[in-house]
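S.K.: Each position in the sequence shown, counted from 1, maps to that position plus 238 in the working numbering. Idealized CB from N, CA, C, for every residue including glycine.
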Amino acid sequence: MTNVDVHQHLWTASFLAALRARDEPPFLDGWTLHTAGEPPYEVPAAQHDVAARAELAAADGLGRALVSLSAPLGIEWLPADEARPLLAAYHEDAAGLPEPFGAWAAACVRDIDADTTAADLDRGFAGLQLPANALTDAAGYARCAPLLDLLEARGLPLFVHPGPAPGASPGPGWWPAMVPYVQQMHSAWFAFRAFGRPRHPRLRVCFALLAGLAPLHGERFAARGGDEGRAGIDPDVFVETSSYGPRAVDSVVRVLGTDVVVMGSDRPYAEPPQQPGFGLGGATAYAFRITNPRRLLTGEH
């Protein structure tokens, strides 16, 4: 039994080199990140120092910290010949990260290749991350079905993370994180219920950032969704807490209960909560950090 953070990001040497080898978004110019839909971003190099991050994880009391590809970069949406070098660099280094790190695999969603993803999963990845904007409608679930079938067959979970926000309205630097990312997660939450769960009845899935607070719309769903809207809580659909605090977490717990919430920090873009149980008590902290992540990752109760 160990404390788990299911959501961190850590850019390693091979991945950084692959980004710097490009001259079209996404690419790095030194430590300046260029993407298709967001303003240039100065990446703090110290935040991606593996040894320093391992020390931080130890200070947080983590027995496992799962890193994932930064899906807003848009790598998964590139044509396969462009995505392949970046994905290969990410998987190569992520598979070799020291303890307490583990990692989510990633996959191209423009050109699906389940065989390649299977080979990546063979290297010990915890499951597969896909960008939320690949899973917001029936067509997205049809396209990604070979990848989700693979996860079901292996008993591995899916992690749904915000994808790129191309064409985001000009505005402050926080705009993509507060509007397109949240909209994607909200759409992905309800799309899974409408299209994902009927097609993949045994799939365990975790939605980043409390699914954009979509669970709080349950009353409206009940009013508008008929029998579908009145369906009970799915015990294999989890949400993680990154970037939210006690008020949002408490509100989601009032809807979903404590059994499907897992701790995720989104480090280095956000910090872990000051209170492990978000002020909801020690039993809740134990559930968020130990019991629920174990069930998400292994299916074991």
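Determine the extent of the beta strand (DSSP E) in which A341 is found, giving its start and end residues.
M.R.: For the purposes of this step, residue 341 is identified with residue 103 of the sequence shown, where counting begins at 1. Start and end: 339 to 341.
S.K.: Is the segment 475 to 486 touching the segment 272 to 279, taking contact as three or more C-beta pairs under 8 Å?
M.R.: Because the criterion of three Cβ pairs below 8 Å is not met, the segment 475 to 486 and the segment 272 to 279 do not touch.
S.K.: Counting C-beta neighbours from all protein chains within 10 Å, is the total for E280 16 or more, i.e. buried, or is it exposed?
M.R.: One-based indexing of the sequence shown puts residue 280 at position 42. By the neighbour-count rule (16 or more Cβ atoms within 10 Å), E280 is not buried but exposed.
S.K.: Confirm the yes/no value for this check: CB of T522, any heavy atom of the ligand HEM, distance under 6 Å.
M.R.: With respect to small molecules bound, the structure shown includes none, and the ligand HEM cannot be examined in it.
S.K.: Against chain D, with Cβ distances strictly below 7 Å, would L441 count as a contact?
M.R.: The structure shown has no chain D; it contains just one protein chain.
S.K.: Of the residues P473, M501, S480, which one's Cα is nearest the Cα of A508?
M.R.: The residue given as residue 508 occupies position 270 in the sequence shown. Closest option to A508, Cα to Cα, is S480.
S.K.: Give, in chain order, every unbroken run of the alpha helix (DSSP H) that is at least 4 residues long and sits entirely within the segment 461 to 505.
M.R.: Fully enclosed alpha helix (DSSP H) runs of 4 or longer: 464 to 467, 484 to 494.
S.K.: Which word fits Q512, buried or exposed, when buried means at least 16 other C-beta atoms lie within 10 angstroms of its C-beta?
M.R.: One-based indexing of the sequence shown puts residue 512 at position 274. Exposed.
S.K.: If contact is defined by three or more beta carbon pairs under 8 Å, each pair taking one atom from either stretch, is the segment 288 to 305 in contact with the segment 347 to 360?
M.R.: Segments in contact, no.
S.K.: With a CB to CB cut of under 6 Å and the five nearest residues on each side skipped, what residues in its chain are close to L359?
M.R.: In the sequence shown, the residue the question calls residue 359 occupies position 121. Taken in chain order, the residues that qualify are A343.
S.K.: Excluding five sequence neighbours on each side, which residues of the same chain lie with their C-beta closer than 7 Å to the C-beta of R302?
M.R.: Working through the sequence shown from its first residue, we reach residue 302 at position 64. Excluding sequence neighbours, R302 sits near T240, V242, P338, G340.
S.K.: Quick test of your reading: H245 and D504, contact by CB under 8 Å. State the CB separation rounded to the nearest angstrom.
M.R.: As a first step, residue 245 is located in the sequence shown; it is residue number 7 there, counting from the start. As a first step, residue 504 is located in the sequence shown; it is residue number 266 there, counting from the start. The Cβ separation is near 5 Å, so the contact holds.
S.K.: Take the Cβ of P336 as the centre, count every other Cβ of all protein chains shown within 10 Å, and call the residue buried at 16 or more, exposed below.
M.R.: Reading the sequence shown from its first residue, position 98 is the one you call residue 336. Label assigned to P336: exposed.
S.K.: What's the gap between the Cα of P514 and the Cα of G268?
M.R.: Here residue 514 corresponds to residue number 276 of the sequence shown, with the count starting at 1. Here residue 268 corresponds to residue number 30 of the sequence shown, with the count starting at 1. Between P514 and G268, the C-alpha separation is close to 36 Å.
S.K.: On the three-state DSSP scale, how would you describe F211?
M.R.: Since the displayed the chain opens at 239 and closes at 539, residue 211 lies outside it and no answer follows.
S.K.: Between the segment 407 to 414 and the segment 422 to 429, are three or more C-beta pairs nearer than 8 Å?
M.R.: They do not touch, by the three-pair rule.
S.K.: May I ask you to report which of helix, strand or coil DSSP gives D353?
M.R.: Position 115 of the sequence shown, counting from 1, holds the residue named residue 353. It is helical.
S.K.: Is C444 helix, strand or coil when you go by DSSP?
M.R.: Indexing the sequence shown from 1 puts residue 444 at position 206. Correct three-state label for C444: strand.
S.K.: Restricting to runs no shorter than 3 residues, where is the beta strand (DSSP E) found entirely within the segment 354 to 416?
M.R.: Complete beta strand (DSSP E) runs here, min 3: 366 to 369, 396 to 399.
S.K.: Just the Cα atoms here: how many angstroms apart are A318 and C382?
M.R.: For the purposes of this step, residue 318 is taken as the residue at position 80 of the sequence shown. For the purposes of this step, residue 382 is taken as the residue at position 144 of the sequence shown. For A318 and C382, the distance between alpha carbons rounds to 15 Å.
S.K.: Following the continuous alpha helix (DSSP H) through L534, name the residue where it begins and the one where it ends.
M.R.: Position 296 of the sequence shown, counting from 1, holds the residue named residue 534. Here the alpha helix (DSSP H) through L534 covers 530 to 536.
S.K.: Is DSSP giving L454 helix, strand or coil here?
M.R.: Counting from one through the sequence shown, the residue named residue 454 turns up at place 216. Three-state DSSP puts L454 in a helix.
S.K.: Among the residues of its own chain, which have a CB less than 6 Å from the CB of L327, if the five just before and after it don't count?
M.R.: Stepping through the sequence shown from its first residue, residue 327 is reached at position 89. Contrary to the premise, residue 327 reads as Ala rather than Leu in this sequence. Here the set comprises S252, F253, A256.
S.K.: Identify the continuous alpha helix (DSSP H) that holds T270 and give its terminal residues.
M.R.: Within the sequence shown, residue 270 is the residue found at index 32, counting from 1. Per DSSP, T270 belongs to no alpha helix (DSSP H); it is in the beta strand (DSSP E), 270 to 272.
S.K.: Go ahead and pull the three-state DSSP assignment for Q246.
M.R.: As a working note, residue 246 is residue 8 in the sequence shown. Here Q246 sits in strand by DSSP.
S.K.: Beta carbon of G378, beta carbon of A372: below 7 Å?
M.R.: If you number the sequence shown from 1, residue 378 lands on position 140. If you number the sequence shown from 1, residue 372 lands on position 134. Taking 7 Å as the Cβ cut-off, G378 and A372 qualify as a contacting pair.
S.K.: Taking DSSP's pairing of strands, which residues face A303 in a bridge?
M.R.: Working through the sequence shown from its first residue, we reach residue 303 at position 65. In the DSSP output, where bridge partners are listed per residue, A303 has D243, F339.
S.K.: Can you tell which of P395, V417, L248 has the C-alpha that lies nearest to the C-alpha of G334?
M.R.: Reading the sequence shown from its first residue, position 96 is the one you call residue 334. When each option's Cα is compared against that of G334, the closest is L248.
S.K.: Less than 8 Å between C-beta atoms, sequence neighbours within five positions excluded: which residues of the same chain meet that for V491?
M.R.: Start at 1 with the first residue of the sequence shown, and residue 491 comes out as number 253. Excluding sequence neighbours, V491 sits near V499, L518, T522.
S.K.: Where does Y328 fall in DSSP's three states?
M.R.: Locating residue 328 in the sequence shown gives position 90, where the first residue counts as 1. Reduced to three states, the DSSP call for Y328 is helix.
S.K.: I'd like to confirm the pairing. Which residues does DSSP put opposite Y279 in its beta bridges?
M.R.: Residue mapping note: residue 279 aligns to position 41 of the sequence shown, counting from 1. Y279 pairs with L271.
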